[in-house]
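Report on the following structure.
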Amino acid sequence: MGFSGFRVIAEGLMGQRGWKPMWRDPSPKSEYDIVIIGGGGHGLSTAYYLAKEHGLKNIAVLEKGYLGGGNVGRNTTIVRANYFLPGNSEFYSHSLKLWEGLSQDLNYNVMLSQRGQITLFHSDGQRDAGVRRGNMIAGQGNKAELWDRERVRRELPYLDYDNTRFPIYGALFCPESGTARHDAVAWGYARGADQRGVDLIQNCEVTGIDIQDGKVTGVQTSRGAIRAKKVGIVVAGRSGQVAAMAGMRLPIESHILQAFVTEGLKPVIDHVVSFGMGHFYISQSDKGGLVFGGDLDFHSSYAARGNLPMQEHVMEAAMTLMPMIGKAKLLRSWGGIMDMTPDGSPIIDKTDTEGLFIDCGWCYGGFKAVPGSGFSFAHLIATGNHHAPAARFRLDRFRTGRGIMDEEGTGSQHNLH
Ligand SMILES: Cc1cc2nc3c(=O)[nH]c(=O)nc-3n(C[C@H](O)[C@H](O)[C@H](O)COP(=O)(O)OP(=O)(O)OC[C@H]3O[C@@H](n4cnc5c(N)ncnc54)[C@H](O)[C@@H]3O)c2cc1C
Numbered sequence: 083m084g085f086s087g088f089r090v091i092a093e094g095l096m097g098q099r100g101w102k103p104m105w106r107d108p109s110p111k112s113e114y115d116i117v118i119i120g121g122g123g124h125g126l127s128t129a130y131y132l133a134k135e136h137g138l139k140n141i142a143v144l145e146k147g148y149l150g151g152g153n154v155g156r157n158t159t160i161v162r163a164n165y166f167l168p169g170n171s172e173f174y175s176h177s178l179k180l181w182e183g184l185s186q187d188l189n190y191n192v193m194l195s196q197r198g199q200i201t202l203f204h205s206d207g208q209r210d211a212g213v214r215r216g217n218m219i220a221g222q223g224n225k226a227e228l229w230d231r232e233r234v235r236r237e238l239p240y241l242d243y244d245n246t247r248f249p250i251y252g253a254l255f256c257p258e259s260g261t262a263r264h265d266a267v268a269w270g271y272a273r274g275a276d277q278r279g280v281d282l283i284q285n286c287e288v289t290g291i292d293i294q295d296g297k298v299t300g301v302q303t304s305r306g307a308i309r310a311k312k313v314g315i316v317v318a319g320r321s322g323q324v325a326a327m328a329g330m331r332l333p334i335e336s337h338i339l340q341a342f343v344t345e346g347l348k349p350v351i352d353h354v355v356s357f358g359m360g361h362f363y364i365s366q367s368d369k370g371g372l373v374f375g376g377d378l379d380f381h382s383s384y385a386a387r388g389n390l391p392m393q394e395h396v397m398e399a400a401m402t403l404m405p406m407i408g409k410a411k412l413l414r415s416w417g418g419i420m421d422m423t424p425d426g427s428p429i430i431d432k433t434d435t436e437g438l439f440i441d442c443g444w445c446y447g448g449f450k451a452v453p454g455s456g457f458s459f460a461h462l463i464a465t466g467n468h469h470a471p472a473a474r475f476r477l478d479r480f481r482t483g484r485g486i487m488d489e490e491g492t493g494s495q496h497n498l499h
């Protein structure tokens, strides 16, 4: 079923009775060529690109809950390519290019809104760092502008510019950054993969990974054993647990990240705005809610919900930057489980087990990576070779110390990235 303006109007006139389910609900077969564990954004995009780019069909995505019920449906939807370090820089630039054509590619409106991101700075040192980052972004082929304080004030008149501790000096503006509709991304990839013959199997938890003579042979699931020639682990916050089923100990800690949304308001925030002195960022959804978030909860957990101390901390940052937000009523808050690596950069790699691949460590920034990660992971699984933009996301960098990509400069403190 294709989507078009004509179709929407026709269905409106016919009582919306013509729509069909967007994907099948198949029972698991006993064997597949490729099994993808995890039906989040990265798992679904991997399956989609395996089918689309590599012509592979005998693929299953195994999801323990429902498609898109994990972090892909819980994030604050910011899409950007403003990374500084080689490795991250070219990868996120590639991912952004895929985003820009995604609605057409999937024939599904992912509501990409390139409204621009304003990252504030509050000291001369931060301005210098912003200039370097801006040059790096321009060098990778993306856009960046340096704004002075008065330019920022014109765009964001409601901020507190003269806060004694955190006066606003200016900002780095990335016009190509923005937001997308998170559920639509998951559903669009799911529909596209299903149309290409991929079996999307929900309520199917992987409980074991079968290995014989150093080679993966399949998985054990809550719906029975499934044989497979290749298996990809793409389970975000559960990466450590699932990798342990194959005898691996990952350099990953799982932490909670919370997000918040206010009641719907008239349009007030036109961009994504990031506070440079606290981990606080905000945008406004199409429904009018102010969507914002901040730091991790600072302790490891598998609970997909947050705690009050961090909520207070995020509200303090919000009030410091834009006091007017105190008038808004908070509607909801929620949490997701982040797979934090020691250097804050991801992993897309083979494992020591033949046929077993892993894609994880996206920390709190994996939504923007959904297209790029799926594309690169599919390339690795299908060809056995690393896809160039993701070639530096090696697992062994944590063993050898070579190739560490510490974007934030916070060392191996998972909770500070
Ligand atoms: C509050 C919050 C805000 C965020 N904001 C942003 C943002 O603005 N921009 C950005 O780029 N990123 C953001 N992120 C991060 C981003 O959401 C994640 O990095 C990304 O979604 C993770 O990849 P995924 O979509 O594949 O994960 P998930 O959607 O979590 O997918 C993993 C799936 O694996 C399944 N699974 C786990 N174990 C098993 C098993 N044993 N068997 C079968 N299935 C299993 C899970 O049920 C889940 O559906 C945010 C995250 C949160 C929580």
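First residue of the sequence shown? That's 83 in the working numbering, and the numbers climb one at a time after it.
Glycine residues also receive a C-beta, built at the ideal position from the N, C-alpha and C atoms.
First and last residue of the uninterrupted beta strand (DSSP E) at residue i
i, result
"phenylalanine 500", "Here the chain comprises residues numbered 83 to 499, so residue 500 is not present and cannot be evaluated."
"glycine 290", "288-294"
"arginine 247", "Taken as a continuous stretch (DSSP letters only), arginine 247 belongs to no beta strand (DSSP E), as it is neither H nor E."
"histidine 381", "371-382"
"glutamine 277", "Run containing glutamine 277: none in the beta strand (DSSP E); it sits in the alpha helix (DSSP H), 264-277."
"tryptophan 229", "227-230"
"valine 117", "113-119"
"leucine 254", "252-256"
Cβ neighbour criterion (16 or more within 10 Å) applied to residue i
i, result
"alanine 470", "exposed"
"serine 205", "exposed"
"lysine 450", "buried"
"glutamine 294", "exposed"
"proline 428", "buried"
"alanine 220", "exposed"
"threonine 465", "exposed"
"threonine 159", "buried"
"glutamate 258", "buried"
"leucine 282", "buried"
"serine 175", "buried"
"tyrosine 240", "exposed"
"lysine 102", "exposed"
"alanine 385", "exposed"
"glutamine 222", "buried"
"lysine 146", "buried"
Nearest candidate by alpha-carbon position, reference residue i, set the options
i, options, result
"valine 280", "Val90, Lys111 and Arg484", "Lys111"
"lysine 225", "Leu254, Val192 and Arg479", "Leu254"
"glycine 539", "Ser185, Asn153, Lys179 and Leu332", "Because the chain is modelled from 83 through 499, residue 539 falls outside the range shown and cannot be assessed."
"glycine 100", "Gly454, Ile91 and Val213", "Ile91"
"histidine 353", "Arg474, Val234, Arg414 and Ala328", "Val234"
"lysine 297", "Lys312, Gly290 and Gln284", "Lys312"
"leucine 378", "Leu339, Leu347, Glu394 and Ala386", "Leu339"
"glycine 169", "Leu95, Gln284 and Arg476", "Arg476"
"histidine 531", "Gly443, Gly358 and Thr433", "Here the chain has residues from 83 to 499 only, and residue 531 is not among them."
"leucine 498", "Gly466, Phe380, Arg479 and Ile430", "Phe380"
"leucine 202", "Val301, Gly97 and Gly252", "Gly252"
"phenylalanine 342", "Leu462, Gln323, Gly447 and Phe362", "Phe362"
"arginine 278", "Glu490, Gln98, Lys102 and Arg106", "Arg106"
"histidine 136", "Asp478, Phe457, Ala410 and Ala472", "Phe457"
"glycine 207", "Met359, Ile440, Gly260 and Gln323", "Met359"
"arginine 263", "Gly123, Ser109, Arg89 and Glu436", "Gly123"
Residue i CB to nearest heavy atom of ligand 2 below 6 Å
i, result
"tyrosine 446", "Here the bound small molecules are ligand 1; ligand 2 is not part of this structure."
Run of the alpha helix (DSSP H) containing residue i, from where it starts to where it stops
i, result
"phenylalanine 480", "479-482"
"glutamine 340", "Note, glutamine 340: premise wrong, no alpha helix (DSSP H); beta strand (DSSP E) at 335-346."
"glutamine 393", "390-403"
"threonine 492", "Taken as a continuous stretch (DSSP letters only), threonine 492 belongs to no alpha helix (DSSP H), as it is neither H nor E."
"glutamine 323", "321-326"
"serine 205", "Taken as a continuous stretch (DSSP letters only), serine 205 belongs to no alpha helix (DSSP H), as it is neither H nor E."
"valine 192", "Run containing valine 192: none; DSSP gives neither H nor E here."
"serine 175", "170-182"
Backbone CA spacing between residue i and residue j [nearest angstrom]
i, j, result
"arginine 236", "glycine 216", "21 Å"
"isoleucine 308", "alanine 460", "20 Å"
"aspartate 276", "methionine 420", "27 Å"
"serine 455", "serine 356", "24 Å"
"glycine 426", "leucine 413", "30 Å"
"valine 192", "valine 288", "29 Å"
"aspartate 187", "alanine 325", "32 Å"
"tryptophan 416", "valine 396", "13 Å"
"isoleucine 141", "serine 383", "32 Å"
"proline 349", "valine 316", "37 Å"
"aspartate 244", "isoleucine 250", "7 Å"
"threonine 433", "serine 321", "13 Å"
"lysine 369", "arginine 387", "23 Å"
"serine 86", "aspartate 210", "47 Å"
"valine 452", "valine 267", "9 Å"
"aspartate 115", "alanine 310", "5 Å"
Point to revise | Validate contact between the stretch 475-483 and the stretch 149-161 using beta carbons, cut 8 Å, 3 pairs | key: no
Review point. Would you say the stretch 362-374 touches the stretch 325-335, given that touching needs at least three Cβ pairs under 8 Å?
Key: no
Point to revise | Segment contact flag, the stretch 181-200 with the stretch 397-411, C-beta cutoff 8 Å, min 3 pairs | key: no
Practice item. Mind the definition here: the stretch 118-129 touches the stretch 257-271 only if three or more C-beta pairs lie below 8 Å; say whether that holds. Key: Short answer: they touch.
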